[in-house]
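Enquirer:
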Amino acid sequence: MKLSIAMATYTGAQFLAEQLKSLSTQTRLHDELVVTDDCSTDRTVDILTEFSQSASFPVRIYRNSTNLGYGDNFLKAAALCRGEWTAFCDQDDVWLPPKLAVVEKYINSARSNVVMAVHSAEVVDDALRLSGVRHPDISKWRIVSGEKLPTLWGVPGFSIIFRSRLLSELDIPDRGPDAHTPTVAMSHDAWTCRLARVFGDVIMIPEPLVLYRRHHASVSTVITGGVTEIRNSRRLSRTIARALHRGGAE
Numbered sequence: 193m194k195l196s197i198a199m200a201t202y203t204g205a206q207f208l209a210e211q212l213k214s215l216s217t218q219t220r221l222h223d224e225l226v227v228t229d230d231c232s233t234d235r236t237v238d239i240l241t242e243f244s245q246s247a248s249f250p251v252r253i254y255r256n257s258t259n260l261g262y263g264d265n266f267l268k269a270a271a272l273c274r275g276e277w278t279a280f281c282d283q284d285d286v287w288l289p290p291k292l293a294v295v296e297k298y299i300n301s302a303r304s305n306v307v308m309a310v311h312s313a314e315v316v317d318d319a320l321r322l323s324g325v326r327h328p329d330i331s332k333w334r335i336v337s338g339e340k341l342p343t344l345w346g347v348p349g350f351s352i353i354f355r356s357r358l359l360s361e362l363d364i365p366d367r368g369p370d371a372h373t374p375t376v377a378m379s380h381d382a383w384t385c386r387l388a389r390v391f392g393d394v395i396m397i398p399e400p401l402v403l404y405r406r407h408h409a410s411v412s413t414v415i416t417g418g419v420t421e422i423r424n425s426r427r428l429s430r431t432i433a434r435a436l437h438r439g440g441a442e
């Protein structure tokens with residue numbers, strides 16, 4: 193399968209090189225890395241450019257002319273990917289070497305209507321010291337029908353790999369408000385999880401495959417022990433239902 197990585201960056205020079213190195217040491221290399229930079233003010237783009245010159249896989253870097261915000265920036269990166277499957281990638285985590293190989297193994301052994309795989313991660317501090325917490329905390333391997341997932345279901349973007357076509361199943365400009373910042377649209381990972389719940393099955397993988405770094409500049413959601421709360425779910429569910437009724441799904 194052809195697999196793309198969609199990375200969104202913004203003033204992330206402090207940890208970026210370590211994350212890029214972890215992408216290079218995957219036991220199953222991806223087919224491309226697509227990066228959209230959201231008007232960084234530090235050396236982020238320089239680090240990306242230097243990395244692209246020696247990487248053993250294609251690296252495409254796009255610089256936004258205006259700041260999009262992290263959700264739209266991630267979705268832009270995903271839209272530019274060419275692979276059959278896409279993995280969101282934060283700029284400050286560290287991927288463990290077998291991440292892509294393990295996820296590919298599960299995907300290849302699953303049914304064809306699987307649209308997303310979700311794996312666990314080890315929560316660490318800024319120096320990568322283990323906290324003893326795993327997030328998402330997945331107890332066992334299983335395939336879950338999307339319709340059986342809770343309405344308020346979501347997991348952070350670093351933990352998912354999804355069929356790239358999933359983001360084009362519905363053309364809904366208004367994704368609904370973000371859970372933590374109601375003045376902006378729903379985050380990229382919450383939206384992708386909502387689509388997966390509607391359009392297919394999800395593989396749950398208990399292995400921790402990422403070191404999920406939590407530090408003072410983290411912009412992702414707080415850890416609550418299981419799911420990312422998605423507010424206004426009734427409104428969004430009605431929006432999806434109307435789009436499906438109009439024939440919005442392929």
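According to the numbering used here, the stretch in the sequence shown is residues 193 to 442, in order.
A virtual CB, placed ideally from N, CA and C, is assigned to each residue, including glycine.
On a predicted model such as this, the values are computed, not experimentally measured, just so you know.
When the distance is taken between beta carbons, is histidine 380 closer than 9 Å to glycine 275?
Expert: The answer is no: Cβ separation not under 9 Å.
Enquirer: Leaving aside the five residues before and after glycine 392 along the sequence, list all residues of the same chain whose C-beta is less than 8 Å from its C-beta, in chain order.
Expert: Closer than 8 Å at Cβ, skipping near neighbours: Asn305, Val306, Val307, Met308, Gly338, Arg355 and Leu358.
Enquirer: Counting along the chain, where does the alpha helix (DSSP H) carrying aspartate 264 start and finish?
Expert: Looking at the DSSP string, the run of the alpha helix (DSSP H) that includes aspartate 264 is 262 to 271.
Enquirer: Roughly how many angstroms lie between the CA atoms of aspartate 317 and alanine 270, to the nearest whole one?
Expert: Going by the C-alpha atoms only, they are around 27 Å apart.
Enquirer: Verify whether the separation of the beta carbon atoms of arginine 389 and alanine 377 is less than 9 Å.
Expert: Not closer than 9 Å, so no.
Enquirer: Go ahead and pull the three-state DSSP assignment for alanine 319.
Expert: Three-state result, alanine 319: coil.
Enquirer: Going by beta carbon distance, what residues of the same chain come within less than 7 Å of leucine 212, once the five residues before and after it are set aside?
Expert: Same-chain partners within the cutoff: Phe243.
Enquirer: Return the CA-CA distance between valine 402 and isoleucine 364, expressed in angstroms with no decimal places.
Expert: Cα-Cα distance, rounded: 31 Å.
Enquirer: Is DSSP giving histidine 380 helix, strand or coil here?
Expert: Three-state DSSP puts histidine 380 in a helix.
Enquirer: Counting C-beta neighbours from all protein chains within 10 Å, is the total for alanine 279 16 or more, i.e. buried, or is it exposed?
Expert: Counting Cβ neighbours within 10 Å, alanine 279 comes out buried, since at least 16 surround it.
Enquirer: Based on Cα-Cα distance, which residue from Phe207, Thr203 and Leu292 lies nearest to asparagine 259?
Expert: Taking only the C-alpha atoms, the option nearest asparagine 259 is Thr203.
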